[in-house]
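Trainee: A single structure is presented below for examination.
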Amino acid sequence: MKSFFLLKKTISLFLLFSFSFPISSIAEECPLNNNGTKELGLVVSDRTLASKVGLEILKKGGNAIDAAVAVGYALAVLEPCCGNLGGGGFMTIHFANGKNIFINFREKAPEAVNENRYNILKNKNPKNKAQKTSTLQGYLSVTVPGTVLGLNTALERYGTLSRETVMDPAIELAENGYILTPGDVKLLTEYTETFRKEPNVAAIFLKNNKPYQIGERLIQSDLAKTLKTISEQGSQAFYFGHIAKTIVAASKENGGILTLEDFKHYTIEELKPIECSYRGLKVLSSPPPSSGGTMLCEMLTILEDYPLEQYGFHSTQSTHVITEAMRYAFLDRNLLGDPHFTKNPVELLISKAHAKTIRQHINEKRVTPSIELENSAVRYQKEGHDTTHFSIIDKEGTAVAVTYSLNSAFGAKVIAKNTGFFLNNHMDDFTVESETQNQFGLKQGNANAIEPGKRPLSSMTPTIVLKNDKPFLILGAAGGPHIITATLLTLINSVDYHMPIQEAVNAPRFHHQFLPDEIKAEPDAFSKAITQDLESMGYRITPIDHLGIEEAIMIPSDSSIIYGGKDRRDPAGKDLGCCR
Ligand code: DON
């Protein structure tokens, strides 16, 4: 009787999410391209002006890689918290000709980390508030940035337009400025005190030492100059020339350990994406040094054997098995690190045999407390707004998913002299000490220990799902460890619960990361009855305002319309474009 009641509840929730999407309005809004046709492609990003930049590149005849590089540079101007030149990230690409690649432009630790280990560790949790650097703030937290080499290499290898053409919009936005929206101002205002501490930062992001107001224009002249230099001279300028020298000088003056050699030796690499199947679909995602793709595939392989559709959307049964899959995947995350330094058991973790073993340990009626698997208490922090993801498809069917990050909002909170861009604080993504958690509450393994030239383990999960070898979903998110579970749930919502992509992205989420042993749940993630049910099984449910910011695309095979899913959790940004 009880299960019938739960099923009815689930079905009504499911119907609510499934049929409230105004499909026709999208078709009507679909703009004509330069040839007077509607074939175009689609761009979804965290900033409307950045999506516009990407769309203009597609209209000019550029492909999805051209558009991605243009959006990447534009977000460095439009979203200085998260879009970046001073950070790093990942790009997953499915080409229309069937080839799949992954570009790893994650940052690397400076060579001198070993000699400076004591200072880095001592500063992990600075007791003295006046202390200027730690793994989270200042120059000791900075790893060698990868974004410029990553974007430029993607363009050189796979783009069709010149660097000048794709970078011009970003230069123009930095030079002439753009009007600040409520979303921009909210974030900048929150960091007023931080900006005040650094005169060169305050000069850009505060107006007369006060926060900018909605409707005012933000001009970033220093950043415009840096972008022009990169546009004219290429990556050379960033890694060998004036920009590297300026960052190294600022680092030396402020207790950092970056050297010119670190910049000269920085490399990106092209890898094969992680691949797995889920209910007949092919999932392509991020291999190490990201944990995201491995964990996504591990969770999907565990879950494929459960009838999630029959269990119902956020029913007790589906929530239980999904949560247990999350718990085991986060436990296994501790085995992962940069593949150049550690042997990652990826094949094992995404294998059907491993999934079967885990399923055999999942008790259908009761929670498996994490403490039974490992004993530890972990603090958990609120999610910041510190990373950004964008998804793009062009009219040929080439799909690109990019996630790149400064780690915390505005990264290390420092800008080297007059370079105009924030540097990352990705040292904190390493396992700094075995018993300490990073800012996201992750207690990580030895595989992710700090080593010179090593890339820190990431949760970024730029993902492309193919149906009959054609793009069906393009996914990815911001949100630290929430990225992985937000991407999992968006995929499940689309595939198992048949939601249109906007509903799949907007649907309330939950998250479990092994420790702390609790389900974080967004408002309305569960009905009262389901909450009680889960609690009676032994779950602790803690409310949280939001879990990840997902920017996704769905390309149904039976429609010429492409659908964007722009996360409601971030009020800025938009999906632009539509047809193929
Ligand atoms: O690479 C990672 O996993 C983190 N540095 C990402 C940080 C992040 O997503 C913060 N976002 N809101």
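Numbering (this note's numbering), first residue to last: 2 to 581.
Backbone N, C-alpha and C define an ideal beta-carbon position, used for all residues, glycine too.
Enumerate in chain order the residues of its own chain whose CB-to-CB distance from K575 is below 7 Å, with the five nearest sequence positions on each side excluded.
Mentor: Taking the first residue of the sequence shown as position 1, residue 575 is located at position 574. T49, S52 and K567, listed in sequence order.
Trainee: I'd like the span of the beta strand (DSSP E) that includes N105, first residue to last.
Mentor: Indexing the sequence shown from 1 puts residue 105 at position 104. Start and end: N101 to F106.
Trainee: Determine, using beta carbons only, whether P463 and T93 come nearer to each other than 8 Å.
Mentor: The residue labelled residue 463 in the question sits at position 462 within the sequence shown. The residue labelled residue 93 in the question sits at position 92 within the sequence shown. Yes, the Cβ-Cβ distance between P463 and T93 is below 8 Å.
Trainee: Please report the Cβ distance between T193 and L181, rounded to the nearest whole angstrom; I am assuming they are in contact, meaning their Cβ atoms lie under 8 Å.
Mentor: On the sequence shown, residue 193 is found 192 positions in, with the first residue counted as 1. On the sequence shown, residue 181 is found 180 positions in, with the first residue counted as 1. No, T193 and L181 are not in contact; Cβ-Cβ is about 14 Å, not under 8 Å.
Trainee: What did DSSP end up calling Q438 once you bin it into helix, strand or coil?
Mentor: Residue numbering aside, residue 438 sits at position 437 when the sequence shown is read from its first letter. Of the three classes helix, strand and coil, the one that applies to Q438 here is strand, per DSSP.
Trainee: Beta carbon of D387: closer than 7 Å to some heavy atom of ligand 1?
Mentor: Working through the sequence shown from its first residue, we reach residue 387 at position 386. Under cutoff, so the answer is yes.
Trainee: Buried or exposed: where does A445 fall if 16 or more other Cβ atoms within 10 Å of its Cβ makes it buried?
Mentor: Within the sequence shown, the letter at position 444 stands for residue 445. Before going further, note that residue 445 is Gln rather than Ala in the sequence given. That one is buried.
Trainee: If you scan the region 390–424 from start to end, which runs of the beta strand (DSSP E) of 3 or more residues do you find wholly inside it?
Mentor: DSSP runs (the beta strand (DSSP E)) wholly in the region 390–424: 400–406.
Trainee: Count the other C-beta atoms from every protein chain shown that fall within 10 angstroms of the C-beta of R218, then say buried if there are 16 or more, exposed otherwise.
Mentor: Counted from its first residue, the sequence shown places residue 218 at position 217. Exposed, since its Cβ has fewer than 16 Cβ neighbours within 10 Å.
Trainee: Among all the DSSP beta bridges, which residues are the ones paired with M555?
Mentor: For the purposes of this step, residue 555 is identified with residue 554 of the sequence shown, where counting begins at 1. For M555, which the question treats as bridged, DSSP gives the partners L474 and Y564.
Trainee: Any heavy atom of ligand 1 within a distance shorter than 7 Å of the CB on M168?
Mentor: Stepping through the sequence shown from its first residue, residue 168 is reached at position 167. No, the Cβ of M168 stays beyond 7 Å of every heavy atom of ligand 1.
Trainee: With distances taken from CA atoms, which of P482, E80, K246 and A522 is nearest G293?
Mentor: As a working mapping, residue 293 is identified with position 292 in the sequence shown. It is P482 whose Cα lies nearest to the Cα of G293.
Trainee: By the 10 Å Cβ neighbour count, where 16 or more other Cβ atoms means buried, how is S406 classified, buried or exposed?
Mentor: For the purposes of this step, residue 406 is identified with residue 405 of the sequence shown, where counting begins at 1. Buried.
Trainee: Considering just the uninterrupted stretch of the alpha helix (DSSP H) at M327, what are its terminal residues?
Mentor: Taking the first residue of the sequence shown as position 1, residue 327 is located at position 326. M327 -> alpha helix (DSSP H) spans T317 to R334.
Trainee: Identify the residues that DSSP records as bridge partners of D576: which are they?
Mentor: The count along the sequence shown starts at 1 and reaches residue 576 at position 575. BP columns for D576 point to V45.
Trainee: My output table needs one value for C277: the three-state DSSP class, helix, strand or coil.
Mentor: For the purposes of this step, residue 277 is identified with residue 276 of the sequence shown, where counting begins at 1. Correct three-state label for C277: strand.
Trainee: Tell me which same chain residues have a C-beta within less than 7 Å of the C-beta of N115, skipping the five on either side of it?
Mentor: What you label residue 115 is simply residue 114 of the sequence shown in a count that begins at 1. Hits under 7 Å: P453.
Trainee: Please go through the region 344–369 and give each complete alpha helix (DSSP H) segment of 4 or more residues, from N-terminal end onward.
Mentor: Entirely contained in the region 344–369, the alpha helix (DSSP H) runs reaching 4 residues are, in chain order, 347–350 and 353–362.
Trainee: Report the CB separation of I545 from K529 in whole angstroms; it is logged as a contact under 8 Å.
Mentor: As a working note, residue 545 is residue 544 in the sequence shown. As a working note, residue 529 is residue 528 in the sequence shown. Rounded, the Cβ-Cβ distance is 18 Å, inconsistent with contact.
Trainee: For L174, which of L224, A155 and F196 has the nearest alpha-carbon?
Mentor: The sequence position of residue 174 within the sequence shown is 173, counting from 1. L174 has its Cα closest to that of L224, out of L224, A155 and F196.
Trainee: Is it buried or exposed for R510, if we count other Cβ within 10 angstroms and need 16 for buried?
Mentor: Position 509 of the sequence shown holds residue 510. It counts as buried.
Trainee: Between the beta-carbon of S291 and the beta-carbon of R328, is there less than 8 Å?
Mentor: Against the sequence shown, residue 291 aligns to sequence position 290. Against the sequence shown, residue 328 aligns to sequence position 327. It is not a contact, given that the beta carbons lie outside the stated cut-off.
Trainee: Count the other CB atoms within 10 Å of the CB of R107; is the residue buried (16 or more) or exposed (fewer)?
Mentor: By one-based count along the sequence shown, residue 107 stands at place 106. Its Cβ being crowded by 16 or more others within 10 Å, R107 is buried.
Trainee: Let me know if A131 comes out buried or exposed under the rule of 16 or more other beta-carbons within 10 Å of its beta-carbon.
Mentor: Position 130 of the sequence shown holds residue 131. Unreliable positioning characterises A131 in this predicted model, as indicated by a pLDDT of 44, which lies under 50. The coordinate reading is nonetheless provided below. The residue in question, A131, is exposed, as its Cβ has fewer than 16 Cβ neighbours within 10 Å.
Trainee: Could you work out which residue in L152, V496, S460 and E348 is closest to G313 when comparing CA atoms only?
Mentor: The residue you call residue 313 lines up with position 312 of the sequence shown. Ranking the options by Cα distance to G313, first place goes to V496.
Trainee: Going by beta carbon distance, what residues of the same chain come within less than 8 Å of N216, once the five residues before and after it are set aside?
Mentor: For the purposes of this step, residue 216 is taken as the residue at position 215 of the sequence shown. The residue asked about is misnamed: residue 216 is Gly in this sequence, not Asn. Around G216: I180 and L181.
Trainee: For K273, collect the residues of the same chain with a Cβ closer than 6 Å to its Cβ; drop the 5 residues on either side in sequence, then sort them by chain order.
Mentor: Position 272 of the sequence shown, counted from the first residue, corresponds to residue 273. Once the five neighbours on either side are set aside, K273 has no close Cβ partner at all.
Trainee: Quick one: Cα of R569 to Cα of N507, how far?
Mentor: Here residue 569 is taken as the residue at index 568 of the sequence shown, counted from 1. Here residue 507 is taken as the residue at index 506 of the sequence shown, counted from 1. Each residue's Cα considered, the two are about 6 Å apart.
Trainee: Taking 7 Å as the cut-off, is the CB of E461 close to at least one heavy atom of ligand 1?
Mentor: In the sequence shown, residue 461 corresponds to position 460, counting from 1. Before going further, note that residue 461 is Met rather than Glu in the sequence given. M461: yes, Cβ under 7 Å from ligand 1.
Trainee: Pull up the DSSP beta-bridge partners for G90, would you.
Mentor: The residue labelled residue 90 in the question sits at position 89 within the sequence shown. F106 and Y405, per the DSSP bridge assignment.
Trainee: Please say whether M461 and T543 have beta carbons closer to each other than 8 Å?
Mentor: As a working mapping, residue 543 is identified with position 542 in the sequence shown. As a working mapping, residue 461 is identified with position 460 in the sequence shown. No; because the gap between Cβ atoms is not below 8 Å, this pair is not in contact.
Trainee: So within the region 270–314, which uninterrupted alpha helix (DSSP H) runs reach at least 4 residues, ignoring any that extend past its ends?
Mentor: Taking only runs of at least 4 residues, the alpha helix (DSSP H) segments lying wholly in the region 270–314 are 293–304 and 309–312.
Trainee: Distance check for G256 and V45, CA to CA, integer angstroms please.
Mentor: Taking the first residue of the sequence shown as position 1, residue 45 is located at position 44. Taking the first residue of the sequence shown as position 1, residue 256 is located at position 255. So the two alpha carbons sit approximately 39 Å from each other.
Trainee: Could you give the residue range of the beta strand (DSSP E) that holds V466?
Mentor: One-based indexing of the sequence shown puts residue 466 at position 465. First-last of the beta strand (DSSP E) with V466: T464 to K468.
Trainee: May I ask you to report which of helix, strand or coil DSSP gives L207?
Mentor: As a working mapping, residue 207 is identified with position 206 in the sequence shown. L207: strand per DSSP, three-state reduction.
Trainee: With respect to 7 Å, is the separation between the Cβ of H427 and the closest non-hydrogen atom of ligand 1 below this value?
Mentor: Sequence index remark: in the sequence shown, residue 427 carries index 426 (1-based). Checking every heavy atom of ligand 1 against the Cβ of H427, one is found closer than 7 Å.
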